[in-house]
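Written out below as structure tokens is the structure these notes cover.
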Amino acid sequence: MIKMIAIRLLDYCNEKKSTLVKFKNQYKYEDFYDDNASSSKNAKKMLYEMLPETCPTSLEFSFDTLAYCIRHTLKKPRELMTIFNYFLAKIYEVKDFHYFIEHPSEIRNMIHSTQEEMIASALSMYTKTYQEIKDACEIVLQGRKYYFQGKELEDKLKEAAVNRKGYDVIDIKRILLESGLVGKINDISQVYVKEDEDSSNKRYTLQNSIRIIKAKFEYQVKGRLSLNKTDFYVLHPMCYEHFECRVGSQTLVIQTSLLMM
439 MIKMIAIRLL DYCNEKKSTL VKFKNQYKYE DFYDDNASSS KNAKKMLYEM LPETCPTSLE
499 FSFDTLAYCI RHTLKKPREL MTIFNYFLAK IYEVKDFHYF IEHPSEIRNM IHSTQEEMIA
559 SALSMYTKTY QEIKDACEIV LQGRKYYFQG KELEDKLKEA AVNRKGYDVI DIKRILLESG
619 LVGKINDISQ VYVKEDEDSS NKRYTLQNSI RIIKAKFEYQ VKGRLSLNKT DFYVLHPMCY
679 EHFECRVGSQ TLVIQTSLLM M
């Protein structure tokens, strides 16, 4: 994945060679083609010429930049490339290849600006068969808390299914899971990010810890999850701003693809 990004960056440098000659001359395509540790190291070095290794988040700590980018996708290469194309467009606009190193908080803003495109892409395979499926998902998810019990969706699911031609509540549930917009929680834990002065008397507080929610998402594997009334579910992080979700402070959702189970 990282080598693919590096090749895209080199393509960009070749396209914009009038402004990035010095940077372009440092790398060649063959630096990234070999299947060995050296090519991955070269790719990582090139990536971090453009981005800082960590970036600030809405939480009170920084996140590995590449991991933060991946977290806001469904782990498909084209989605990650969409984010980097946004980065490159901004770099070209300001004519500064180190813009995000100097303004790391802009990484989060740029990623959030891709969310509508990501959600449209996630639902694209359903739009021809299920008319207005995006509108139906909007009804169910708009303004919702980022995690919830399945039964909390019942009223909105019924509302979303009213007057829909060719699909019903069961179809909407399936599409919410298959598209990766909703995942099923399988573990919740609390992790320290700051030590108390008295380390022998540790207590979890909003100031010294974060809640880690691990959830399974279907992504490319369909039909492995079900949306029922009793289990707990979570929205994908890429959905938060688009659906104006109520997100908990000091909370991190970690996605686990069923491909990895």
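The opening position of the sequence shown corresponds to residue 439 in this note's numbering, with each subsequent residue numbered one higher.
From the three backbone atoms N, C-alpha and C, an ideal C-beta is built for every residue, glycine too.
Run of the beta strand (DSSP E) containing residue 649, from where it starts to where it stops: Start and end: 647-655.
Any non-hydrogen atom of the ligand SAH closer than 8 Å to residue 441 Cβ: As for the ligand SAH, it is missing from this structure, which has no ligand bound.
Within 9 Å, strictly: CB atoms of residue 670 and residue 618: Between residue 670 and residue 618, the C-beta gap is not smaller than 9 Å, which leaves the two residues out of contact.
Cα-Cα separation, residue 647 to residue 630: Their Cα atoms are separated by approximately 4 Å.
Residue 624 in three-state terms, based on DSSP: If DSSP states are grouped into helix, strand and coil, residue 624 belongs with the strands.
6 Å CB neighbourhood of residue 614 in its chain, flanking five on each side removed: Annotation for residue 614: 620 place their beta carbon closer than 6 Å to its own, counting only its chain and skipping 5 residues before and after.
Backbone CA spacing between residue 606 and residue 575 [nearest angstrom]: For residue 606 and residue 575, the distance between alpha carbons rounds to 12 Å.
Beta-carbon contacts of residue 583 that lie in its chain and below 6 Å, excluding the five residues immediately before and after: Excluding sequence neighbours, residue 583 sits near 684.
Same chain, Cβ closer than 6 Å to residue 572, five either side skipped, listed in chain order: These residues qualify, in order along the chain: 561.
6 Å Cβ shell around residue 554 - same chain, five flanking residues per side excluded: Same-chain partners within the cutoff: 680.
Nearest residue (CA-CA) to residue 590, options 665, 569, 452 and 686: Out of 665, 569, 452 and 686, 665 has the C-alpha closest to the C-alpha of residue 590.
Spatial distance of residue 612 from residue 660 (CA atoms): So the two alpha carbons sit approximately 9 Å from each other.
Exposure label - residue 653; buried when at least 16 CB within 10 Å: Its Cβ being crowded by 16 or more others within 10 Å, residue 653 is buried.
Same chain, Cβ closer than 7 Å to residue 469, neighbours up to 5 away in sequence not counted: Cβ neighbours of residue 469 beyond the five flanking positions: 477 and 480.
Cβ pair residue 509, residue 692 closer than 9 Å: Yes, these two residues count as a Cβ contact at 9 Å.
Assigned secondary structure, residue 493 (DSSP; H/G/I helix, E/B strand, else coil): Strand, per DSSP.
Cβ-based burial, residue 563 [other Cβ within 10 Å; buried from 16]: Exposed is the call here.
Option nearest residue 493 by Cα separation, candidates 484, 482 and 506: For the options 484, 482 and 506, the alpha carbon positioned closest to that of residue 493 is the one of 506.
Per-residue DSSP class, three states only, for residue 501: Three-state DSSP puts residue 501 in a strand.
Residues bridged to residue 691 [DSSP beta-bridge criterion]: As computed with DSSP, residue 691 is found in a beta bridge with 651.
Neighbour-count burial assignment, residue 533, 16 or more Cβ in a 10 Å radius: So residue 533 counts as exposed.
Distance, residue 551 Cα to residue 487 Cα: Each residue's Cα considered, the two are about 22 Å apart.
Span separating the alpha-carbon of residue 547 from that of residue 524: Rounded to whole angstroms, residue 547 to residue 524 spans 11 Å at the Cα level.
Sequence-distant residues of its chain with Cβ nearer than 6 Å to residue 663 (five each side left out): Contacts found: 615, 622 and 656.
C-alpha distance - residue 542 paired with residue 442, whole-angstrom precision: Those two C-alpha atoms are separated by around 23 Å.
Whole-angstrom C-beta distance between residue 490 and residue 521, which should lie under 8 Å: Not confirmed; about 15 Å, so no contact.
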